[in-house]
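Before any comments, here is the structure.
2 protein chains.
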Amino acid sequence: MVTKSDNSQAPEGYDPSQFPAFAVTVDVVILTMAAGALHMLLVRRGEAPFKGMWAIPGGFKRPNETLHEAARRELAEETGVDVPTLLTQFGAYGDPKRDPRMNVVTVAYLAVLREVGAIAAGTDAADALLVPVADVLRGKVELAFDHLQIVRDAVDRVRVELEVTGIATAFVGPTFTLAELRAVYEATWGIELDAANFRRSVVAEDGWVIPTGRRTQPGPSGGRPAELYRAGRAWKNGGPIHRVKATERK
Amino acid sequence: MVTKSDNSQAPEGYDPSQFPAFAVTVDVVILTMAAGALHMLLVRRGEAPFKGMWAIPGGFKRPNETLHEAARRELAEETGVDVPTLLTQFGAYGDPKRDPRMNVVTVAYLAVLREVGAIAAGTDAADALLVPVADVLRGKVELAFDHLQIVRDAVDRVRVELEVTGIATAFVGPTFTLAELRAVYEATWGIELDAANFRRSVVAEDGWVIPTGRRTQPGPSGGRPAELYRAGRAWKNGGPIHRVKATERK
DNA sequence: AGAGTTGTTGTCGATTCGACTTGAACCGTG
DNA sequence: CACGGTTCAAGTCGAATCGACAACAACTCT
Numbered sequence: 066m067v068t069k070s071d072n073s074q075a076p077e078g079y080d081p082s083q084f085p086a087f088a089v090t091v092d093v094v095i096l097t098m099a100a101g102a103l104h105m106l107l108v109r110r111g112e113a114p115f116k117g118m119w120a121i122p123g124g125f126k127r128p129n130e131t132l133h134e135a136a137r138r139e140l141a142e143e144t145g146v147d148v149p150t151l152l153t154q155f156g157a158y159g160d161p162k163r164d165p166r167m168n169v170v171t172v173a174y175l176a177v178l179r180e181v182g183a184i185a186a187g188t189d190a191a192d193a194l195l196v197p198v199a200d201v202l203r204g205k206v207e208l209a210f211d212h213l214q215i216v217r218d219a220v221d222r223v224r225v226e227l228e229v230t231g232i233a234t235a236f237v238g239p240t241f242t243l244a245e246l247r248a249v250y251e252a253t254w255g256i257e258l259d260a261a262n263f264r265r266s267v268v269a270e271d272g273w274v275i276p277t278g279r280r281t282q283p284g285p286s287g288g289r290p291a292e293l294y295r296a297g298r299a300w301k302n303g304g305p306i307h308r309v310k311a312t313e314r315k
Numbered sequence: 066m067v068t069k070s071d072n073s074q075a076p077e078g079y080d081p082s083q084f085p086a087f088a089v090t091v092d093v094v095i096l097t098m099a100a101g102a103l104h105m106l107l108v109r110r111g112e113a114p115f116k117g118m119w120a121i122p123g124g125f126k127r128p129n130e131t132l133h134e135a136a137r138r139e140l141a142e143e144t145g146v147d148v149p150t151l152l153t154q155f156g157a158y159g160d161p162k163r164d165p166r167m168n169v170v171t172v173a174y175l176a177v178l179r180e181v182g183a184i185a186a187g188t189d190a191a192d193a194l195l196v197p198v199a200d201v202l203r204g205k206v207e208l209a210f211d212h213l214q215i216v217r218d219a220v221d222r223v224r225v226e227l228e229v230t231g232i233a234t235a236f237v238g239p240t241f242t243l244a245e246l247r248a249v250y251e252a253t254w255g256i257e258l259d260a261a262n263f264r265r266s267v268v269a270e271d272g273w274v275i276p277t278g279r280r281t282q283p284g285p286s287g288g289r290p291a292e293l294y295r296a297g298r299a300w301k302n303g304g305p306i307h308r309v310k311a312t313e314r315k
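In the order they appear, the protein sequences are chains A and B. Numbered per the numbering used here, the first sequence spans residues 66 to 315. Numbered per the numbering used here, the second sequence spans residues 66 to 315.
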């Protein structure tokens, strides 16, 4: 039985060592949009077990920080990004056999970043990888521990979060076009949305996106310049954009 | 301070004590319908800290069980009910100050039961209490630790779960009328739904509820006997019943 | 100038939604 | 056994929404 080493903050007569002790880690699934597809950040493990294999960034929770603070610290250490646009806890994993070394309970967080360039600035480039989430889910990248399951749960979570809350704006920059915002939904849900109807629904949701009055300069292929918006307050429960079941456009 | 880089990894000469150790507990928010309102189970704490105060049932995770198994065990110990209709993990709480004794990380589960009678069969009646959730949220019952926040999160979760998945059937018995099912939505969301429109939406969702052909015997106040249904397969993502924003009927 | 591309606005039919009404099936009581 | 009272099922109807597509606007490139 694992015993705790020392914890002298217990009151009189109380012996914490009679309870099983666990190591607690925090893992962060870092999502971003790149090349029109959902990507995630992986780091190469430098130590056993699973040495050399790809894994979700994470580390041990320290005794004097909250779980959220630990997740934020791990994210900052790995990407250099502090205060991300979104950092949500979505699961805890405690299978006794999930870590061959010892009994580790991990709490998983979901981070959404918008600046791809800043990612992987903290670590060596050879040890960080921005990979399409679809590749990971398809098993093209083998992950350490039970991290594949964690990624699956993270993707499931972001998909419903997209519909229930207004986190889509977390994927895009401080100002964005509605086409960019629509691409977030399309890439995450794997469907196509009508641009005209999407626009109508988005601007109808009062206060979610705010027009800035400015426009983009069009790309090299031309086209009418798009209006620029910035994120307003996000809604909770029942947003305007709904996931359709199987409406595949012709 | 423990860092990731300083652990010399030899699989045999591994020393777990160099990592901060935590106690890990599992707390279960047990929800059920009673008297047309959402109720939850509380237990009275027999030990310090917060001795004598009401709390969510829970306990320490054992080293050789998963988190889900621990939640199931705690639920069975407290209510006598094994294999509940629903047991979902919804959050982890790890504030260093959440337990004055020691550093405890707790993983919170949400259980939905349908048989109210079986609840609190495991413990002394004086030490278990089935209380309306609204009373807890309103602060009428003071809870130990950060359990009030946990209950808030549980209720938030069950509200969106009701809309996104088909868990409403977990609240009702093996066979049920549509009025009972509608009462689950109404009590959880605090709104009223039109009975006729509700019926249409429910039966339109293919395979969710299955008519049994039988009927209830009406209550003492008479009324047409309602058809009995049993739960079919639950849907994922985009159910038929949607939470309306502010449609208060006259 | 004209073709191509992209974003915005308009239109229209189909479907859904909310509110209400009607009818069906059962209970009491007299 | 007729008669309200009650509860559930089914019908109606106008309004709102949705999906698909057309039309128009604004830009780039050749």
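The beta-carbon is built from N, C-alpha and C at its ideal position, and this holds for glycine as well. Remember, predicted model here, so these are calculated numbers, not experimental data.
| query | result |
| --- | --- |
| C-beta neighbour in chain B for Gly287 (chain A), strict 8 Å | no |
| Whole-angstrom C-beta distance between Pro239 (chain A) and Glu270 (chain A), which should lie under 8 Å | Between Pro239 (chain A) and Glu270 (chain A) the Cβ distance is about 19 Å, and since that is not below 8 Å, they are no contact. |
| Under the three-state DSSP convention, the category Leu258 (chain A) falls into | coil |
| Span of the alpha helix (DSSP H) around Gln214 (chain B) | 212-229 |
| Beta-carbon proximity list for Thr312 (chain A), same chain, < 8 Å, skipping 5 on both sides | Legend: pLDDT at Thr312 (chain A) = 37, less than 50; position of this residue unreliable, value from coordinates given subsequently. The answer, listed in chain order, is Ile256. |
| Buried/exposed call for Val267 (chain A), threshold 16 Cβ in 10 Å | buried |
| Beta-carbon proximity check, Ala120 (chain B) vs Phe210 (chain B), cutoff 8 Å | yes |
| C-alpha gap between Asp200 (chain B) and Thr171 (chain A), whole angstroms | 33 Å |
| Option nearest Asp192 (chain B) by Cα separation, candidates B:Pro122, B:Arg127, B:Tyr158, B:Leu140 | B:Pro122 |
| Contact set for Glu226 (chain B): own chain, Cβ-Cβ below 6 Å, skip 5 residues either direction | Ile232 |
| Phe125 (chain A) (DSSP reduced to helix, strand or coil) | strand |
| Any chain B beta carbon closer than 8 Å to Val154 (chain A) | The sequence shown places Gln at residue 154 (chain A), rather than the Val named in the question. Yes, because at least one Cβ of chain B sits closer than 8 Å to the Cβ of Gln154 (chain A). |
| Backbone secondary structure at Ala296 (chain B) - three-state DSSP | strand |
| Cross-chain neighbours of Glu130 (chain B) in chain A, by beta carbon under 8 Å | Pro161 |
| Closest by C-alpha distance to Pro290 (chain B), when choosing among B:Arg298, B:Thr281, B:Ala296 | B:Thr281 |
| Reference Thr97 (chain B); option with closest CA among B:Glu130, B:Arg264, B:Arg179 | B:Arg179 |
| Sequence-distant residues of the same chain with beta carbon closer than 7 Å to Ile275 (chain B), five excluded per side | Tyr294, Arg295, Gly297 |
| Proximity test, Thr150 (chain B) beta-carbon vs the ligand SAH heavy atom, cut-off 7 Å | The model on display carries no ligand, and the ligand SAH is accordingly not part of it. |
| Min CB distance Phe87 (chain B) to chain A below 8 Å | yes |
| Contact with chain B by Val229 (chain A), beta-carbon distance below 8 Å | yes |
| Residue from B:Val223, B:Ala260, B:Thr230 whose Cα sits closest to the Cα of Trp254 (chain B) | B:Val223 |
| Cutoff 8 Å: Ala157 (chain A) Cβ touching any chain B Cβ | yes |
| Per-residue contacts from Arg326 (chain B) into chain A (C-beta, under 8 Å) | Given a span of 66 to 315 for chain B in the structure shown, any question on residue 326 (chain B) remains unanswerable. |
| Residues, ordered as in the chain, of the region 165-180 of chain A that lie near chain B by beta-carbon distance below 7 Å | Arg166, Met167, Asn168, Val170, Val172 |
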